[in-house]
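K.L.:
Under our numbering, think of the first position of the sequence shown as 751, with each following residue one higher.
Glycine included, each C-beta is placed from N, C-alpha and C at the ideal position.
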Amino acid sequence: MQPKAILFDLDDTLIAFEHGLDLDRCWQTACMNHLQLDPHELAELVAGIKSEARWYWSDPDRHRIGRLDLDKARAAIIGAAFHKINPPGAAMLTAERIAIDYGSERNLAITLHPDAIEMLIHLRSLGIKLALLTNGSASGQRDKINRFQLAPYFDCILIEEEFGYGKPDHRIYQHALEQLNVRADETWMIGDNYEWEIIAPQQLGIRGIWVNPSGAARHDQHDKPGPFRTIRAVSELRAILSEKAVTDRSFNFDR
């Protein structure tokens, strides 16, 4: 039995953002637009920025605030790296310019995942209702939705800044269910973020399908609920939908 509705994540689920994207090259280009660095200095600065970024985005509260104004968050990250490394020509204004250029380079490099549109068309042909749930700023996420012409495939689009809440707040999933007029147990959530697309929705009774492009095991899964299914790309949904007894298989949200 197929679900009545599917909730999709955007970044790294329908579009390729982190996986397969050369972020080092994006940082290198942005830095060299504003700084005169030799290869060693450039490598040291990029490594420093990435280290600061890991610290910055590791905190849920910083993550929630920062993703609503990525240029500002990235400028703060670059500024922190400047403070530790002190590369030639470093200044806060330069950090802000590098942040903007990095965002532009990164956005230009993203692509739609192969077969994403074909899969959305297939799901709609089956009569499955679709919603898009994405965290971040209204302008940034709308730009991507418009760029890849995704809006026509969805019955409901919820963007964190527009809606007022983002994943993993239960209200965004509940609102999507209300908009689609479906129950949680009739719905799947698909995405790459384990906390946002597996744990939180499954607390409501939605079945979470984890997009794990690398196939790498999570080392912190032993004490957390397992996903309903794990896939490497959305194109694999076709095989799951074709399973004759998908709803009869043993599945425990609390395992």
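Using 10 angstroms around the beta-carbon of Ala1032, count the other beta-carbons present and answer buried if the total reaches 16, otherwise exposed.
P.N.:
The structure shown does not extend to residue 1032, since the chain spans only 751 to 1005, so no value can be given for it.
K.L.:
Quick check: the Cα distance between Arg847 and Leu785, rounded to an integer number of angstroms?
P.N.:
Going from the Cα of Arg847 to the Cα of Leu785 covers about 11 Å.
K.L.:
How big is the Cα-Cα spacing for Leu760 and Leu900?
P.N.:
If I take the Cα positions, the gap works out to 10 Å.
K.L.:
Need the endpoints of the alpha helix (DSSP H) that Gly976 sits in, please.
P.N.:
Element bounds for Gly976: n/a, residue is neither H nor E.
K.L.:
In whole angstroms, give me the CA-to-CA distance for Gly886 and Ser801.
P.N.:
So the alpha carbons of these two residues sit roughly 22 Å apart.
K.L.:
Comparing C-alpha positions only, which one of Ile867, Ser875, Asp819 sits nearest to Glu911?
P.N.:
Checked all of Ile867, Ser875, Asp819; the closest Cα to Glu911 is Asp819.
K.L.:
Give me the residue from Leu858, Trp946, Phe978 with the minimum Cα distance to Trp777.
P.N.:
Answer by Cα proximity: Leu858.
K.L.:
Going straight from the alpha carbon of Glu947 to that of Gly941, what length do you get?
P.N.:
Approximately 5 Å, taken between the alpha carbons.
K.L.:
Is the separation between the beta-carbon of Ala823 and that of Gly816 shorter than 8 Å?
P.N.:
Result yes, Cβ atoms of Ala823 and Gly816 sit closer than 8 Å.
K.L.:
Is it the case that the region 874 to 888 contacts the region 924 to 943, given that we only count it when at least three CB pairs across the two stretches are under 8 Å?
P.N.:
Touching, yes, given that three or more Cβ pairs across the two stretches are closer than 8 Å.
K.L.:
Are the CB atoms of Trp960 and Thr980 nearer to each other than 8 Å?
P.N.:
Their beta carbons are under 8 Å apart, which means Trp960 touches Thr980 by this criterion.
K.L.:
So, does the region 862 to 878 touch the region 907 to 926, judging by three or more C-beta pairs under 8 Å?
P.N.:
Touching, no.
K.L.:
Closer than 6 Å by C-beta to Ile1030: which residues in its own chain qualify, once you throw out the five before and the five after it? Chain order, please.
P.N.:
This structure does not reach residue 1030, given that the chain is present from 751 up to 1005, and the question cannot be answered.
K.L.:
Within the region 771 to 855, note down every full beta strand (DSSP E) run reaching 3 residues or more, in order along the chain.
P.N.:
Segments of the beta strand (DSSP E) lying fully in the region 771 to 855: there are none.
K.L.:
Less than 8 Å between C-beta atoms, sequence neighbours within five positions excluded: which residues of the same chain meet that for Ala840?
P.N.:
So the qualifying residues of the chain are Leu785, Phe832.
K.L.:
Grab me the residues of His813's own chain with a C-beta within less than 6 Å of its C-beta, minus the 5 sequence neighbours each way, in chain order.
P.N.:
Counting only Cβ-Cβ distances below 6 Å, and skipping sequence neighbours, we find Trp807.
K.L.:
Cβ atoms of Leu764 and His925: under 8 Å apart, would you say?
P.N.:
No. Outside cutoff.
K.L.:
Compute the Euclidean distance between the alpha carbons of Met954 and Ala866, then round it to the nearest angstrom.
P.N.:
Before going on, a small fix: residue 954 reads as Leu here, not Met. Going by the C-alpha atoms only, they are around 26 Å apart.
K.L.:
Which of the three DSSP states, helix, strand or coil, is assigned to Phe898?
P.N.:
Coil at Phe898, not helix or strand.
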